[in-house]
Amino acid sequence: MVKDIRWRYLIFHLHTPSNPRIESIKNALKKHLRSFLGVQGLSRAPFKLIMYDEHNKLGIIRCPHNAVTIIRAALALLDSIDGESASIHIAKSTGTLKKARILTKEIAEKLKSYWSELEVGMKKPSQATES
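Going by the numbering used here, the sequence shown opens with residue 66, and the numbers climb by one from there.
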């Protein structure tokens with residue numbers, strides 16, 4: 066009897082100065098994972114970019130449960146997308162797509178509050194020189 070694949074959903078945050086499109090992210094991920102794992106390794110660890118929010122730079126990747134560590138390691142070594150410097154931070158891993166979507170919304174809210182707190186605490190350049 067063949068067992069069904071148990072999928073895991075990795076929620077990631079993309080750190081890059083540019084705002085890449087979803088197609089360029091898919092191509093960069095596939096190219097990078099193929100170079101890291103090889104064709105045979107990529108066939109053992111299939112992945113799919115389920116969702117990407119261009120505004121918050123958050124996304125969801127689906128992969129088999131036994132390939133999570135390999136996919137995480139490969140994504141940690143990603144250094145560019147379309148010639149622009151980039152890095153991926155895996156924020157959470159979950160077993161259902163529904164939970165992944167909920168967590169993505171929660172992480173987006175946390176990021177918004179974090180950045181707004183930083184903006185409030187930042188001084189203007191003219192204020193920094195006055196002392």
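Cβ atoms here follow ideal geometry from the backbone N, Cα and C, with glycine treated the same way.
Next item on the list: Have a look at I155 and M66 and give me their C-alpha separation to the nearest angstrom.
Entry: Cα to Cα, the separation comes out at about 34 Å.
Check: Hey, quick one: how far does the alpha helix (DSSP H) through G103 stretch, first residue to last?
Finding: 87–109
Notebook entry, point to check: Looking at the unbroken alpha helix (DSSP H) that takes in L197, where does it start and where does it end?
Noted result: Lying outside 66 to 196, the shown extent of the chain, residue 197 is not represented and no answer is given.
Notebook entry, point to check: Beta-carbon separation of V133 and R86 under 9 Å?
Noted result: no
Notebook entry, point to check: In whole angstroms, what is the alpha-carbon distance linking F112 and W180?
Noted result: 31 Å
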